[in-house]
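Participant: Numbering (the working numbering), first residue to last: 869 to 1227. For every residue, glycine included, the Cβ atom is placed at its ideal position computed from N, Cα and C. Model, not experiment: these values are computed from the prediction.
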Amino acid sequence: MTKKSKSSALHNIEGVSQSEITNASSITKIQQKRKAKPSTQELIAQILKGNITALSRAITLIESSNSKHLQQASDIIKGCLQHTNASVRIGITGVPGVGKSTFIEAFGMHLTSIGKKVAVLAVDPSSSLSKGSILGDKTRMEDLVKNENAFIRPSPSGTSLGGVARKTRETIMLCEAAGFDTILIETVGVGQSETAVHSMVDFFLLLKLAGAGDELQGIKRGIIEMADAIAINKADGDNLKAAKLAKVEFNRALHLYPLKDSEWQPKVMLCSALKHEGIEDIWVMIQSYVAHSKANHYFDYNRKEQSKFWLIQTIEDRLKSRFFNHPEIKEALKTQLQLIEDGKTTPFVAAEYLLSLKN
Ligand code: GDP
């Protein structure tokens, strides 16, 4: 008997074949690998080296609702904090169909072609319901998604805008720590989400179409006020003439608004995201904004103001979720809601009572 057949005979005596043993040991290895989740320190070290797997893992922790994960996420953010500021954060908004995805694809490809590292994030509170109306479908950014200097992360799901915004803001910090120097944050031009995005970016770009009235485009006056630039997209083919006219009109309209705190006069640009035209000019304009706002110190001032704002927001969010998730409150709330239904209490008395409970 050869050595080999001897050993398999031995295993067979014990009723376990060689192949079963090999399978079992590889399964154990896989299981060990799965269990061996990287430690917080390992994740921080890997993120700082620009490791995308570690970055994605940390973002998943940020997005989790498990309190252990949140604690780990918070430690990772702390570990990355001092590496987060060397970037430009750009918010991009516009109604569905205006060409946001097409624009981000073209803009992102341009940025990576000049050596930038681009992270694309989104704030879309509806995405948990609609399964990601923006950025969810990555095929809309075919080239960027394959680009090794780009990182695309769809909107986190969350029940509230506050929750989604917090997660996105923390994700920005991690992306910056991982070496991404240009952060693009997409949001839809309806609802409150652009206010949230405006308060986490350095530059806010509004995409518009020529020839459609503001009402048609669902754009509220407040959004125009927030914009540092309006890019009239689809300025190509038969649409070019109308786009040029719209540029004149928007320029005139923008001059009627009071000067911004940044002392930057918002610009109106033309572009064709589809044909990659005007994209480079938009980047040049954003760079001149950055130079302008750094020179007059608005850039740093604004980031600090934003951080203060998010501190208060985070406290509000945490207090709210701690309150509503407390088992005693949950029960008592049900009772109080029923009492209101039965006309036996008032909202104010009920609220006083619930707030007075220990939690
Ligand atoms: P989003 O909903 O704002 O993300 O818009 P998309 O990027 O998905 O674009 C909506 C449609 O407009 C798609 O069919 C695009 O091909 C088209 N589109 C986007 N940008 C341009 C452009 O610059 N010119 C033209 N002609 N079509 C465009």
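Does ARG957 come out as helix, strand or coil in the three-state DSSP assignment?
Facilitator: Locating residue 957 in the sequence shown gives position 89, counting from the first residue. Reduced to three states, the DSSP call for ARG957 is strand.
Participant: Under three-state DSSP, which class holds LEU997?
Facilitator: For the purposes of this step, residue 997 is taken as residue 129 along the sequence shown, with counting starting at 1. Below a pLDDT of 50, predicted positions are generally treated as unreliable, and LEU997, at 48, falls in that range; the measurement from the model is reported next regardless. Looking at LEU997 - three-state DSSP - the assignment turns out to be helix.
Participant: Hey, quick one: how far does the beta strand (DSSP E) through LEU1077 stretch, first residue to last?
Facilitator: Taking the sequence shown and counting its residues from 1, one reaches residue 1077 at position 209. Its beta strand (DSSP E) spans residues 1071-1077.
Participant: If you draw a straight line from the alpha carbon of ILE1183 to that of LEU1042, how long is it in whole angstroms?
Facilitator: The residue you call residue 1183 lines up with position 315 of the sequence shown. The residue you call residue 1042 lines up with position 174 of the sequence shown. Rounded to the nearest angstrom, the two C-alpha atoms are 20 Å apart.
Participant: Does the distance from the C-beta atom of VAL966 to that of LEU1077 stay below 9 Å?
Facilitator: What you label residue 966 is simply residue 98 of the sequence shown in a count that begins at 1. What you label residue 1077 is simply residue 209 of the sequence shown in a count that begins at 1. For VAL966 and LEU1077, yes; Cβs fall inside 9 Å.
Participant: Three Cβ pairs or more, each shorter than 8 Å: is that satisfied between the segment 948-962 and the segment 928-935?
Facilitator: Too few Cβ pairs lie closer than 8 Å, so no.
Participant: Just how far apart, CA to CA, sit LEU1113 and PRO1024?
Facilitator: One-based indexing of the sequence shown puts residue 1113 at position 245. One-based indexing of the sequence shown puts residue 1024 at position 156. Distance between the alpha carbons of LEU1113 and PRO1024: 38 Å.
Participant: Using a Cβ distance threshold of 8 Å, determine whether the segment 1138-1148 contacts the segment 974-994, with at least three qualifying pairs required.
Facilitator: In short, these stretches touch, since the Cβ pair count reaches three.
Participant: Taking 8 Å as the cut-off, is the CB of ALA1095 close to at least one heavy atom of ligand 1?
Facilitator: As a working note, residue 1095 is residue 227 in the sequence shown. No, ligand 1 has no heavy atom inside 8 Å of this Cβ.
Participant: How long is the line joining the alpha carbons of LYS1109 and ALA1103, rounded to whole angstroms?
Facilitator: In the sequence shown, the residue the question calls residue 1109 occupies position 241. In the sequence shown, the residue the question calls residue 1103 occupies position 235. So the two alpha carbons sit approximately 8 Å from each other.
Participant: Among all the DSSP beta bridges, which residues are the ones paired with ALA1099?
Facilitator: For this step, residue 1099 is matched to residue 231 along the sequence shown. According to DSSP, which records beta bridges pairwise, ALA1099 is partnered with LEU1075, MET1137.
Participant: Cβ-heavy atom distance between ARG1008 and ligand 1 below 8 Å?
Facilitator: By one-based count along the sequence shown, residue 1008 stands at place 140. Yes, ligand 1 has a heavy atom inside 8 Å of this Cβ.
Participant: In whole angstroms, what separates the C-alpha of GLN909 from that of THR1039?
Facilitator: The sequence position of residue 909 within the sequence shown is 41, counting from 1. The sequence position of residue 1039 within the sequence shown is 171, counting from 1. Taking the straight line joining both Cα atoms gives about 18 Å.
Participant: Apart from the five residues just before and just after SER998, which ones in its own chain have a Cβ nearer than 6 Å to its Cβ?
Facilitator: Indexing the sequence shown from 1 puts residue 998 at position 130. Residue placement at SER998 is flagged as unreliable, the pLDDT there being 48, under the threshold of 50; the coordinate-derived value follows with that caveat. Counting only Cβ-Cβ distances below 6 Å, and skipping sequence neighbours, we find nothing.
Participant: With a CB to CB cut of under 7 Å and the five nearest residues on each side skipped, what residues in its chain are close to ARG1037?
Facilitator: Within the sequence shown, residue 1037 is the residue found at index 169, counting from 1. So the list reads MET1068, TRP1178, once near-sequence residues are dropped.
Participant: Taking only heavy atoms of ligand 1 into account, decide whether any of them is closer than 8 Å to the Cβ of PHE971.
Facilitator: Residue mapping note: residue 971 aligns to position 103 of the sequence shown, counting from 1. For ligand 1, at least one heavy atom lies less than 8 Å from the Cβ of PHE971.
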